[in-house]
Amino acid sequence: MKSPLRVLALSTLVLSSLANAAEQLTMDVHRDANCGCCKAWISHLQAHGIKVNDHVEADMSSVKRQLGVAPRLASCHTGVINGKFVEGHVPAEQVLALSKRDDLKGMAVPGMPIGSAGMEMGDRKDAFQVIGLRNDGRDEVIAEYPGN
């Protein structure tokens with residue numbers, strides 16, 4: 252006979268696992284075949300519970316245009332989550348917050364700042380911002396990450 256505490260613990264574990272699976276976000280990531288930092292960013296997302304569908308593209312400029320990524324926001328890879336773009340080395344915490352921002356078309360970390368998600372190279376960290384592109388076309392600073 253199983254103890255009531257053990258049954259309760261197993262039930263809690265199963266329900267928690269089901270809730271996590273239901274909440275797991277899936278992102279399509281479009282990248283160039285030869286980009287190592289894109290793979291590192293994908294690993295960063297997966298480590299934070301985001302499922303990634305990896306798409307190797309021959310023409311990233313075309314992908315960015317189709318998704319509405321402005322050239323001023325460009326980086327190397329482009330993700331799409333719930334119809335919104337995620338450009339460049341956006342940290343997972345900001346990607347997760349994007350689903351709660353109906354006022355944004357997407358967000359970006361322009362360029363490839365050292366120390367951003369997927370661009371970790373030793374102790375160096377460049378300061379960078381996560382920029383949101385609002386539905387009205389204006390930019391908004393979503394988060395700022397200091398350098399060292």
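Take 252 as the starting number for the sequence shown in the working numbering and just add one per residue. Each residue gets a CB set at the ideal place from its N, CA and C atoms; glycine is no exception.
query                                                                                                                                                                    : result
By Cβ distance, which residues of its chain are closer than 7 Å to I301, with the 5 residues on each side in sequence left out?                                          : L276, M278, A343 and V346
Excluding the 5 residues preceding and the 5 following E391 in the sequence, name in chain order all residues of the same chain whose CB lies nearer than 6 Å to its CB. : G383 and R385
On a CA-only basis, which of P361, H340 and Q380 is nearest M370? Give me that one, please.                                                                              : H340
Pull up the distance between the alpha-carbon of V331 and that of V337, whole angstroms please.                                                                          : 6 Å
Taking the Cβ atom as the reference point for each residue, do A284 and V307 lie within a distance shorter than 8 Å?                                                     : yes
Among S326, K376, D387 and G388, which has the Cα closest to the Cα of Y396?                                                                                             : K376
Check each candidate in L355, A378 and I293 and name the one with the smallest Cα separation from N304.                                                                  : I293
Looking only at its own chain, which residues have a Cβ that is under 8 Å from the Cβ of D374, when we skip the five neighbours before and after it?                     : N399
Would you please state the rounded distance, in angstroms, between the beta carbons of H281 and V314? I believe it to be under 8 Å.                                      : 5 Å
Counting along the chain, where does the beta strand (DSSP E) carrying H295 start and finish?                                                                            : That residue, H295, is in no beta strand (DSSP E); its alpha helix (DSSP H) goes G287 to A298.
Excluding the five sequence neighbours on either side, which residues of its own chain have a C-beta within less than 6 Å of the C-beta of A298, listed in chain order?  : none
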